[in-house]
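Structure record follows, encoded as structure tokens.
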Amino acid sequence: MPELPEVETIKRELRRKIRGQRIVGCSIQRKDIIAHPSAAAFCPSITGELIIDVERNAKYLIVQLSNNKRLVFHLRLSGTIVVSPLNSTLERFTRLAIQLNDCQLFFKEPRALGRVYLIDGNELVPTLKGFYRLGCEPISDGFTFDYLKAKLKRRKARIKSLLLDQNICAGMGNIYSDEALFRAGIRPMRRANRMTDKEIKKLQQTLKDVIRDGITNFGTSVSDYKRTDGKEGSFQKMLHVYGREGEPCRKCGSKIALKKIGNRGTRYCPKCQT
DNA sequence: ATGACGTCCTGCCTGC
DNA sequence: TGCAGGCAGGACGTCA
Numbered sequence: 150m151p152e153l154p155e156v157e158t159i160k161r162e163l164r165r166k167i168r169g170q171r172i173v174g175c176s177i178q179r180k181d182i183i184a185h186p187s188a189a190a191f192c193p194s195i196t197g198e199l200i201i202d203v204e205r206n207a208k209y210l211i212v213q214l215s216n217n218k219r220l221v222f223h224l225r226l227s228g229t230i231v232v233s234p235l236n237s238t239l240e241r242f243t244r245l246a247i248q249l250n251d252c253q254l255f256f257k258e259p260r261a262l263g264r265v266y267l268i269d270g271n272e273l274v275p276t277l278k279g280f281y282r283l284g285c286e287p288i289s290d291g292f293t294f295d296y297l298k299a300k301l302k303r304r305k306a307r308i309k310s311l312l313l314d315q316n317i318c319a320g321m322g323n324i325y326s327d328e329a330l331f332r333a334g335i336r337p338m339r340r341a342n343r344m345t346d347k348e349i350k351k352l353q354q355t356l357k358d359v360i361r362d363g364i365t366n367f368g369t370s371v372s373d374y375k376r377t378d379g380k381e382g383s384f385q386k387m388l389h390v391y392g393r394e395g396e397p398c399r400k401c402g403s404k405i406a407l408k409k410i411g412n413r414g415t416r417y418c419p420k421c422q423t
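Per the numbering used here, residue 150 is the first one in the first sequence, and the count goes up by one each step.
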């Protein structure tokens, strides 16, 4: 599923492929994918605009348009963005197609949970609540030991659940949370307020490392995620716990366990993580 | 404010 | 082979 490294990969590829192009056409295959404004108003509002730049904030992909408009994509669980030649036919599960000067974008979303928003100037989009209250990304300078400690102390929720909280670790998702906890040697069900300074320090570092490694490897292709040319990322080859339940731990040989924490499938090594 | 849990959505996998 | 049912899970709403 697209987490920070996957969205960063898409951002970098789009920046290279579509910056400076103009939107010449738009078609919506599924209306409820357009969260704001109405589906009827959407295409007319973006057609004719120039693509100034492509950015990312946590898991949100932001396409800066001319006239101070921003196109915001949230890929949720299964969203992908494909860059195709202009004459190519719509790919399966395409929910939105945007034609540019010399290529087109397909927003594909098999599970139809992803959303697209158009923000006009400084307008506040009510359905984009999470976007306005994101915490620090693990790879940002602000993601220090002190920051993480302040966010975790007095919280008695399980650490795994708090890593998924976008107000604490912006851009984190299920895969990288499990991997960071494995690298830090911390059990996902541990209560945040019971963690030592040493453990928080370690976790702060492994969160940074795992996200950086994910980006270096162009993301994790385990289900739907693909790069904008349809190719796979490669971080799935380096996973220690995610998707490896029942298989031997690469460090100690114990069977990787799978438990539900906060209704999320959570993988960990019962021996390496304490 | 916090934490637990239900809901959305639909392709895919499992089991009968 | 075919079908029903369960599962996956990010964000958000609801409830205690």
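Ideal placement from N, C-alpha and C gives every residue a C-beta, glycine not left out.
Just how far apart, CA to CA, sit residue i and residue j?
i: Lys257; j: Tyr266; result: 15 Å
i: Leu277; j: Gly402; result: 44 Å
i: Ala207; j: Lys180; result: 25 Å
i: Ala184; j: Leu220; result: 11 Å
i: Leu262; j: Arg225; result: 6 Å
i: Glu272; j: Lys218; result: 10 Å
i: Gly291; j: Ile177; result: 39 Å
i: Arg264; j: Lys300; result: 29 Å
i: Leu210; j: Glu157; result: 8 Å
i: Gln353; j: Val232; result: 35 Å
i: Lys302; j: Tyr296; result: 10 Å
i: Pro132; j: Thr355; result: No statement about residue 132 is possible, as the shown extent of the chain runs from 150 to 423 and does not include it.
i: Cys398; j: Tyr417; result: 9 Å
i: Pro234; j: Ala190; result: 26 Å
i: Met387; j: Cys252; result: 33 Å
i: Ser372; j: Gly411; result: 21 Å
Flag this pair as yes or no: are the beta carbons of residue i and residue j separated by less than 8 Å?
i: Ile317; j: Gly284; result: yes
i: Ser215; j: Met150; result: no
i: Gly322; j: Leu313; result: yes
i: Lys309; j: Pro337; result: yes
i: Ala341; j: Leu311; result: yes
i: Ile182; j: Leu245; result: yes
i: Phe384; j: Arg376; result: no
i: Asp327; j: Thr415; result: yes
i: Ile349; j: Phe280; result: no
i: Arg165; j: Asp202; result: no
i: Tyr394; j: Ala406; result: The identity of residue 394 in the sequence shown is Glu, whereas the question assumes Tyr. It is a contact, given that the beta carbons lie within the stated cut-off.
i: Arg168; j: Ile200; result: yes
i: Arg307; j: Arg339; result: yes
i: Gly320; j: Glu152; result: yes
i: Cys421; j: Lys404; result: no
Could you give the first and the last residue of the continuous beta strand (DSSP E) run that contains residue i?
i: Glu204; result: 200-206
i: Leu214; result: 209-214
i: Tyr266; result: 264-269
i: Arg179; result: Careful: Arg179 lies outside any beta strand (DSSP E) and carries neither H nor E.
i: Lys386; result: Per DSSP, Lys386 belongs to no beta strand (DSSP E) and is neither H nor E.
i: Thr423; result: Thr423 -> no beta strand (DSSP E), and no H or E assigned at all.
i: Ile230; result: 229-233
i: Lys408; result: 406-410
i: Leu220; result: 218-223
i: Gly414; result: 413-417
Considering only C-alpha positions, which residue in the set the options is nearest to residue i?
i: Arg260; options: Thr369, Asp251, Ala207, Tyr374; result: Tyr374
i: Ser187; options: Thr355, Tyr296, Gly320, Ile268; result: Ile268
i: Leu239; options: Cys175, Tyr296, Gly382; result: Cys175
i: Glu198; options: Arg205, Ala189, Glu204, Val212; result: Val212
i: Glu155; options: Lys386, Lys380, Ile364; result: Ile364
i: Glu162; options: Gln353, Leu254, Thr345, Ile410; result: Leu254
i: Asn250; options: Asn236, Thr355, Gln353; result: Asn236
i: His389; options: Glu204, Lys302, Ala190, Thr369; result: Thr369
i: Thr345; options: Thr423, Cys398, Gly392; result: Thr423
i: Ile159; options: Lys305, Thr243, Arg205; result: Arg205
i: Lys351; options: Arg282, Lys380, Lys298, Met387; result: Lys298
i: Arg413; options: Cys398, Tyr391, Pro419; result: Tyr391
i: Gln170; options: Ala189, Phe191, Gln248; result: Gln248
i: Gly379; options: Thr229, Ser289, Ala189; result: Thr229
i: Gln315; options: Arg304, Lys347, Arg282; result: Arg282
i: Lys305; options: Arg343, Lys408, Lys347, Ile335; result: Arg343
Where do the N-terminal and C-terminal ends of the alpha helix (DSSP H) with residue i fall, by residue?
i: Val156; result: 153-167
i: Phe191; result: 188-195
i: Lys278; result: 278-281
Inset, instruction - Entirely within the stretch 293-376 and at least 4 residues each: give me those alpha helix (DSSP H) ranges in chain order. - result: 294-301, 308-312, 323-333, 346-365
Legend entry - Every unbroken beta strand (DSSP E) within the stretch 237-261, with a cutoff of 3 residues, ordered by chain: 243-249, 253-257
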